[in-house]
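UniProt numbering numbers the first residue of the sequence shown as 1 and each following residue consecutively. We put the beta carbon where it would ideally sit given N, CA and C, even for glycine.
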Amino acid sequence: MENVEWLQKGLVVLLSIAFFWKLIRYMWSFLKTEKDPVRVLVTGAAGQIGYAIVPMIARGVMLGLDQPVILHLLDIEPAAEALNGVKMELIDAAFPLLKGVVATTDVVEACKDVNIAIMVGGFPRKEGMERKDVMSKNVSIYKAQAAALEQHAAADCKVLVVANPANTNALVLKEFAPSIPEKNITCLTRLDHNRALGQILERLNAHVSDVKNVIIWGNHSSTQYPDVNHATVTTSSGGKLVRELVADDNWLNTDFIATVQQRGAAIIKARKLSSALSAASAACDHIRDWVLGTPKGTWVSMGVYSDGSYGIQPGLIYSFPVTCEKGQWSIVQGLKIDEFSRKKMDATANELIEEKSLAYSCLN
Ligand SMILES: NC(=O)C1=CN([C@@H]2O[C@H](COP(=O)(O)OP(=O)(O)OC[C@H]3O[C@@H](n4cnc5c(N)ncnc54)[C@H](O)[C@@H]3O)[C@@H](O)[C@H]2O)C=CC1
Ligand SMILES: O=C([O-])CC(=O)C(=O)O
1 MENVEWLQKG LVVLLSIAFF WKLIRYMWSF LKTEKDPVRV LVTGAAGQIG
51 YAIVPMIARG VMLGLDQPVI LHLLDIEPAA EALNGVKMEL IDAAFPLLKG
101 VVATTDVVEA CKDVNIAIMV GGFPRKEGME RKDVMSKNVS IYKAQAAALE
151 QHAAADCKVL VVANPANTNA LVLKEFAPSI PEKNITCLTR LDHNRALGQI
201 LERLNAHVSD VKNVIIWGNH SSTQYPDVNH ATVTTSSGGK LVRELVADDN
251 WLNTDFIATV QQRGAAIIKA RKLSSALSAA SAACDHIRDW VLGTPKGTWV
301 SMGVYSDGSY GIQPGLIYSF PVTCEKGQWS IVQGLKIDEF SRKKMDATAN
351 ELIEEKSLAY SCLN
């Protein structure tokens, strides 16, 4: 009998401790003024995009002006000294939101507990090369880094693959990190989306805040399909379709598409280096919208795991129009697809199917 009473008393004490502990934590969450830092991994951090993106992240461009960050920077041994130089500059910039920098050539140390992984590291395309020319070098990198992320990153880590061939690198990463949910692995086509917006803005002399809902379908390659059929412009007399305002179907169906598809190559030709500034900015846009949400009525383009929407083979990483809410993306459904679009969407899907088998042959 006495034993039962002692047990009851012990249980009451334990429950009271648990209750007060929860209460203190709850009150603390209101009292503390600063959020916990988010750990952001940037691979290839000593490279061009790395150098452009780390100050953006440290300034709050990616996660917001109230979100402290700890940067994890990874590069390979030959770039170790340059990587250390980037770390020194980050310290010298005294960014208020930057709570720490881990600069390393050890992939395990780099991936430890990261919440967001921006995978930029890889072998870049040079002038005259197609993105698939860099395939074999990059798929083996992504196979190895998948394992490190799977074992050491935070369980809910969101992954953005930037390095080319971006869709197929993301697919390789997904295949070799089976415990990371497929919804958490994406690739960057936001740069192409922003390029399409840029072309429309130039043509209409409009402001970026007035044009929305262009779409990039498919591969981040010269077969991608930039689609303006659902895009609108806010004018003084209400919302209008981009196609109506441009009033030049020939331009929209030919030069516009080719310019967006070939923009990466044009920048490489001009700079002799890839489009680091705009890629870094687009990667920040991609993560910001994924984490913080897309504005109501607006979608963006993201390379995501196909669930068969719009007749695209399930299991490819394909760029779709998506909306984001509470850290989750969803493919925009029900858009009308005309015959012209259908052909282009299938052509870029077919290239991804070919890339997938090429990637697997490189891995054997
Ligand atoms: N998806 C997109 O919209 C875009 C993709 N890209 C791609 O992004 C990638 C990076 O471009 P850049 O920064 O201009 O190239 P970069 O050559 O300046 O930098 C690449 C960095 O990756 C490092 N690296 C190589 N192997 C690595 C490994 N195993 N682990 C970690 N780091 C490694 C290199 O040492 C180098 O510092 C390229 O693949 C490029 O084609 C570039 C622009 C746009
Ligand atoms: O073309 C490249 O290699 C770089 C790239 O992906 C782009 O600028 O879109």
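Inter-residue Cα distance where the pair is residue i and residue j
i: P314; j: S306; result: 5 Å
i: N250; j: L83; result: 47 Å
i: A94; j: L74; result: 21 Å
i: T168; j: G218; result: 11 Å
i: R195; j: G44; result: 23 Å
i: L204; j: E355; result: 36 Å
i: E182; j: K174; result: 7 Å
i: I118; j: I53; result: 10 Å
i: S236; j: G334; result: 28 Å
i: V86; j: Q48; result: 11 Å
i: M129; j: K269; result: 11 Å
i: C113; j: G303; result: Sequence inspection shows Asp at residue 113; the Cys mentioned does not correspond to that position. The alpha-carbon atoms of D113 and G303 are separated by roughly 24 Å.
i: T223; j: Q199; result: 18 Å
i: L23; j: V13; result: 15 Å
i: W329; j: N3; result: 54 Å
i: T259; j: S341; result: 17 Å
i: R271; j: W21; result: 58 Å
i: E65; j: A110; result: Sequence check: residue 65 is Leu here, not Glu. Going from the Cα of L65 to the Cα of A110 covers about 24 Å.
i: L358; j: K126; result: 20 Å
i: L316; j: G308; result: 9 Å
i: L63; j: V291; result: 8 Å
i: G346; j: D227; result: Before going on, a small fix: residue 346 reads as Asp here, not Gly. Each residue's Cα considered, the two are about 13 Å apart.
i: Q261; j: G327; result: 29 Å
The alpha helix (DSSP H) enclosing residue i, as first and last residue numbers
i: C157; result: No alpha helix (DSSP H) holds C157; DSSP gives it neither H nor E.
i: residue 377; result: Since the first and last residues shown for the chain are 1 and 364, residue 377 lies out of range.
i: D255; result: D255 to R271
i: Q48; result: Q48 to A58
i: Y142; result: M135 to H152
i: D346; result: E339 to L363
i: I200; result: R190 to L204
i: W290; result: A276 to L292
i: M88; result: A80 to A93
i: V242; result: V242 to V246
i: T168; result: A166 to E175
Cβ-Cβ distance between residue i and residue j below 8 Å
i: I337; j: Y310; result: yes
i: N115; j: A154; result: yes
i: I301; j: T189; result: Residue identity differs from the one stated: residue 301 is Ser in this sequence, not Ile. The answer is yes: Cβ separation under 8 Å.
i: V134; j: F123; result: yes
i: V159; j: T186; result: yes
i: L201; j: A279; result: no
i: I141; j: C157; result: no
i: residue 412; j: P55; result: Given a span of 1 to 364 for the chain in the structure shown, any question on residue 412 remains unanswerable.
i: V322; j: I312; result: no
i: E339; j: G293; result: no
i: A163; j: V120; result: yes
i: G60; j: L97; result: yes
i: H220; j: A283; result: no
i: V108; j: H152; result: yes
i: T104; j: I76; result: no
i: T298; j: K212; result: yes
i: L71; j: A79; result: no
i: V177; j: L197; result: Looking at the sequence shown, residue 177 is not Val but Ala. Not a contact, by the Cβ cut-off of 8 Å.
Limits of the unbroken beta strand (DSSP E) element including residue i
i: G186; result: It should be pointed out that residue 186 corresponds to Thr in this sequence rather than to Gly. That run of the beta strand (DSSP E) goes I185 to C187.
i: R216; result: A small correction: the amino acid at residue 216 is Ile; Arg does not occupy that position in the sequence shown. Counting along the chain, the beta strand (DSSP E) containing I216 begins and ends at I215 to W217.
i: L316; result: No beta strand (DSSP E) contains L316, which DSSP labels as neither H nor E.
i: S179; result: Per DSSP, S179 belongs to no beta strand (DSSP E) and is neither H nor E.
i: L73; result: V69 to L74
i: L65; result: First-last for L65: undefined, no H or E at that position.
i: K99; result: L98 to T104
i: I116; result: I116 to M119
i: S221; result: Neither: S221 is in no beta strand (DSSP E) and is coded neither H nor E.
i: S330; result: Q328 to I331
i: Y305; result: V300 to Y305
i: L335; result: That residue, L335, is in no beta strand (DSSP E); it is neither H nor E in DSSP.
is_contact[residue i, chain D] using C-beta, thresh 8 Å
i: K9; result: Protein chains in the displayed structure number just one, and chain D is not present.
- [ ] Say whether the segment 228 to 236 touches the segment 345 to 358, bearing in mind that this needs 3 or more beta-carbon pairs closer than 8 Å, one atom from each stretch.
- [x] no
Open item on the list: Under 8 Å, with one C-beta from each stretch per pair, do the segment 246 to 263 and the segment 86 to 103 reach the 3-pair mark?
Closed with: no
TODO: Could you tell me whether the segment 250 to 265 touches the segment 31 to 45, where touching means 3 or more Cβ pairs closer than 8 Å?
DONE: no
Open item on the list: Tell me whether the segment 143 to 152 and the segment 287 to 294 touch, counting them as touching only if at least three CB pairs, one residue from each stretch, are closer than 8 Å.
Closed with: no
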